[in-house]
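>
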Amino acid sequence: MPDASFDSAAARADVLARIARAAQAAGREPADVTLVAVSKQQPWEPVAQTLAAGQTIFGENRVQEAQARWADHREGVELRLIGPLQTNKAKDAVAFFDVIETLDRERLAKVLAEEIQAQGKAMRLYVQVNTGEEPQKAGVLPAEADAFIAQCQETYGLEIEGLMCIPPADEPPGPHFALLAKIAARNGLARLSMGMSGDFETAVRFGATSVRVGSALFGARAG
-16 MPDASFDSAA
-6 ARADVLARIA
4 RAAQAAGREP
14 ADVTLVAVSK
24 QQPWEPVAQT
34 LAAGQTIFGE
44 NRVQEAQARW
54 ADHREGVELR
64 LIGPLQTNKA
74 KDAVAFFDVI
84 ETLDRERLAK
94 VLAEEIQAQG
104 KAMRLYVQVN
114 TGEEPQKAGV
124 LPAEADAFIA
134 QCQETYGLEI
144 EGLMCIPPAD
154 EPPGPHFALL
164 AKIAARNGLA
174 RLSMGMSGDF
184 ETAVRFGATS
194 VRVGSALFGA
204 RAG
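Taking my numbering, I'd label the letters of the sequence shown as residues -16 to 206.
1. Identify the continuous alpha helix (DSSP H) that holds T185 and give its terminal residues.
2. Closest by CA to Q50, which one among P13, A36, D81?
3. Indicate whether V46 and K72 have their beta-carbon atoms separated by less than 8 angstroms.
4. Less than 8 angstroms between the beta carbons of V194 and G178, yes or no?
5. Quick check: the stretch 110 to 124 against the stretch 140 to 147, are at least 3 beta-carbon pairs closer than 8 angstroms?
6. Going by Cα to Cα distance, which pick from E142, Q134, A128, E116 is closest to Q104?
7. Between A20, G157, R4, which has its C-alpha nearest R63's C-alpha?
8. Report the three-state DSSP secondary structure of L86 (helix, strand or coil).
9. Sort F131, S(-9), A3 by Cα distance to G190 and report the nearest one.
10. Let's see if you can read the secondary structure: which residues bound the alpha helix (DSSP H) around T33?
11. Do you know how far the Cα of Y139 is from the Cα of I99?
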């Protein structure tokens, strides 16, 4: 069970203050960094508390879980899919989400292109890069990222907004954030989704335009 004494609204204010300090230390404007509240697997109560405090951008890992949680609370909220996307869920994902941050293979690019056209929706897409080249983790390999981005744009006509990564848990995140920023720069992409509860300040220093924060906002999940 979640900690009932945890104040998600106060936690959000603290995270925003930390983002602002990290941005200012890096010579950036705090407003240039978007806080994505990772609401996946959270009960509704702390999510509602964060929503009431003014948070409007949320990240979810699974299409069906997001549909169940947000179907009656969709107005005024931006939803980002930040978990792996199966091609058989692409239709629902395009219909329900505003942003998909986990585009990482040609088959998914093809299916997304077909769904975006069929639904007539302007879909914001990020390519996920597996900066640590971890076999168990989703994402295109860094050496293949340039070609994949070009394929998405030129072959499938997809609008790629930026890149996303999840560094290895047992390595310093800075070099991975630097690598993602380098790949984005040479491909003319201005958006970087990187940094989570334990390292978002480092991500801001390396140019993150959005950080995905869960436990620092909602407390640790049980189990």
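Ideal Cβ positions, reconstructed from N, Cα and C, are used throughout, including at glycine.
Walking through what the data contain:
1. 183 to 188
2. D81
3. Between V46 and K72, the C-beta gap is smaller than 8 angstroms, which places the two residues in contact.
4. Yes; because the gap between Cβ atoms is below 8 angstroms, this pair is in contact.
5. Yes, the stretch 140 to 147 is in contact with the stretch 110 to 124.
6. Looking at the sequence itself, residue 104 is Lys, so the reference to Gln does not match. Measuring from the Cα of K104, the nearest candidate turns out to be E142.
7. A20
8. L86 falls in the strand class under three-state DSSP.
9. A3
10. 27 to 35
11. 11 angstroms
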